[in-house]
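Chain order of the listed sequences is A and B. Counting in our numbering, the first sequence runs from -15 upward without gaps. Counting in our numbering, the second sequence runs from -15 upward without gaps.
Number of protein chains: 2
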Amino acid sequence: MRYELFYWTGIQGRGEFVRLALEDAGATYVDVARDQGDGVMMTFLGGEQAGALPFAAPFLRAGKLVLAQTPNILAFLAPRHDLVPTSVASKCFALQLQLTIADMLMEVHDTHHPIAVDQYFEDQRMEARKRAEAFRTQRLAKFLDYFEQVLERGDGHHAVGRNHSYVDLSLFQLMAGLDYAFPLAMKRLRRHTSRLRSLGERVAARPRLAAYLASPRRLPFNEDGIFRHYPELDDA
Amino acid sequence: MRYELFYWTGIQGRGEFVRLALEDAGATYVDVARDQGDGVMMTFLGGEQAGALPFAAPFLRAGKLVLAQTPNILAFLAPRHDLVPTSVASKCFALQLQLTIADMLMEVHDTHHPIAVDQYFEDQRMEARKRAEAFRTQRLAKFLDYFEQVLERGDGHHAVGRNHSYVDLSLFQLMAGLDYAFPLAMKRLRRHTSRLRSLGERVAARPRLAAYLASPRRLPFNEDGIFRHYPELDDA
């Protein structure tokens, strides 16, 4: 199967969670918009293509199937590429964790866009400072403590049971993004995130992942994606 | 199977999407916190119970399995109760739609809590007015147009193919909540939501659903849930 991934060029964004799974699996895929430009996605988003109508990118074409929503794409890919244990309980738990990551991503996004997704950060900067403060002081540790506890209840090294899974890949990406966006707040929480940090290091050292991360396909974080580094939104 | 649903008493909230599926399926379930009080959830959220650790309610106990995250619970229940077609494509599309509903719910919630989930509406009222205006003018029609288009691309009456599914139940709940929270904005968009409105009426007329909606188990919407009616957040 040769997959086609559709996502905005120029940012890691939500597409990166799918990309990491495809890269780690050694799957054959084309990053279509990077070849053809963002315009190629418009016929899908405009309803001119067959298959499931996506509300937004990322979406994936797998044969005749079109799938959107990151956790849905990952839950589809995972059993086909040994990225989740086979039991119903494991699959459900993996999806549950991925959905909690998705919730956290939405909150991270809203630290720089608390009022309107369609307006610039600069036009909602005062509100962003308030929202980011609430996020850093009330939400960040709550989410990270939760994921630490999940690792602790498992074998200490994996999110789902004793197996590598797509959730581990996503937790790596989550930590990398948070370190980029909120370096001071993340430093403050460092001793509460030791399992997540070890997990991140192990994931980054997986041969296919290491090759990907060193390649030009891995874009750097920047101020157009979900994880943005605005010093005024970090700890003082 | 006798399910145990755990969700905060006093509100419909996200738990209602699970409740509608259980009621429509005629499944046997206990709404545990309504019997025993909200405190019963703390041992789960605090990690003192076996099974998957939930980050938040709702969560469901099904035999030895514990599941959290509304779309995950629904995707688990649906094939067991004929609430989704059996093909992989249909299951993926149903989950994709449910995740898009979940995204919209998060945006609806943030119209009254744009700054901090842990603070009162009254303490973020000015920001809420701005966020609600952006939601009503930029996001509401975009989401509803999307779901209308999904119905149109199917048989016109169902979200997923030609079959009743949990997504139809959730779209009913979404429309009911939006009508409660934003009556004027929803009136303005009425002629763009005719398929969603017909779908809602058909769902509400399903015998088990009609019985549920007329029962005291169906709580009224109120200003503690996701969908809140604050006139200042609606169209002028």
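For glycine and all other residues, C-beta sits at the position ideal for the given N, C-alpha and C.
- Residues H176, T177, R179 and L180 of the same chain have their beta carbon placed closer than 7 Å to that of E132 of chain A, with the five preceding and five following residues left out of the count.
- Where L135 of chain B is concerned, the enclosing alpha helix (DSSP H) starts and stops at L124 to R137.
- Taking 8 Å as the cut-off, the Cβ atoms of V2 of chain B and P42 of chain B count as close.
- Where F43 of chain A is concerned, the enclosing beta strand (DSSP E) starts and stops at F43 to A46.
- Distance from the CA atom of M90 of chain A to the CA atom of F105 of chain A, rounded to whole angstroms, is 15 Å.
- Counting along the chain, the unbroken beta strand (DSSP E) around D15 of chain A starts and ends at T12 to D15.
- Residue pairing from DSSP places N147 of chain B in a beta bridge opposite B:V144.
- In the three-state reduction of the DSSP assignment, F(-10) of chain B falls in the strand class.
- Taking 8 Å as the cut-off, the Cβ atoms of L44 of chain B and A59 of chain B do not count as close.
- Taken in chain order, the complete beta strand (DSSP E) segments of 3 or more residues contained in the stretch 26 to 99 of chain A are 43 to 46 and 49 to 52.
- Using a 10 angstroms sphere on the CB of L4 of chain B, the tally of other CB atoms reaches 16 or more, which defines it as buried.
- Rounded to the nearest angstrom, the gap between the Cα atoms of S199 of chain B and V101 of chain A is 39 Å.
- Check the Cα spacing between H65 of chain B and each of B:L6, B:A189, B:P191 and B:R186: the tightest is with B:L6.
- Contact fails between the stretch 153 to 162 of chain B and the stretch 198 to 217 of chain A, because fewer than three Cβ pairs, one in each stretch, are under 8 Å apart.
- A straight-line Cα-Cα distance of about 42 Å links G35 of chain A and Q103 of chain B.
- Scanning B:A125, B:H96 and B:I57 for the CA closest to the CA of L83 of chain B turns up B:I57.
- Check the Cα spacing between F39 of chain B and each of B:F28, B:Q157 and B:A9: the tightest is with B:F28.
- The continuous alpha helix (DSSP H) containing F1 of chain A extends over residues G(-1) to A9.
- Membership of L168 of chain B in the alpha helix (DSSP H) is indicated by the continuous run P167 to R172.
- Close partners of N56 of chain B in chain A (Cβ separation under 7 Å): C76, L79, Q80 and L83.
- Against chain A, the beta carbon of K114 of chain B has neighbours under 7 Å at I99, listed in chain order.
- Counting along the chain, A194 of chain A sits inside the alpha helix (DSSP H) bounded by residues P191 to A198.
- Excluding sequence positions up to five before and after L135 of chain B, its CB lies within less than 6 Å of the CB of R179, all in the same chain and listed in chain order.
- E207 of chain A sits in coil when the DSSP states are folded into three classes, being neither helix nor strand.
- Rounded to whole angstroms, G31 of chain B and D22 of chain B show a C-alpha spacing of 16 Å.
- Below the 8 Å Cβ cutoff, chain A contributes Q133 and R137 as neighbours of G31 of chain B, in chain order.
- The three-state reading of DSSP puts A116 of chain A in helix, counting H, G and I together.
- Below the 7 Å Cβ cutoff, chain B contributes no neighbours of A169 of chain A, its closest Cβ being approximately 16 Å away.
- DSSP, reduced to helix, strand and coil, places A160 of chain A within a helical segment of the structure shown.
- Three or more Cβ pairs closer than 8 Å define a contact, and the stretch 117 to 132 of chain A meets that threshold against the stretch 166 to 173 of chain A.
- Excluding five sequence positions before and after D94 of chain B, the CB atoms of its chain that fall closer than 7 Å to its own CB belong to R115, given in chain order.
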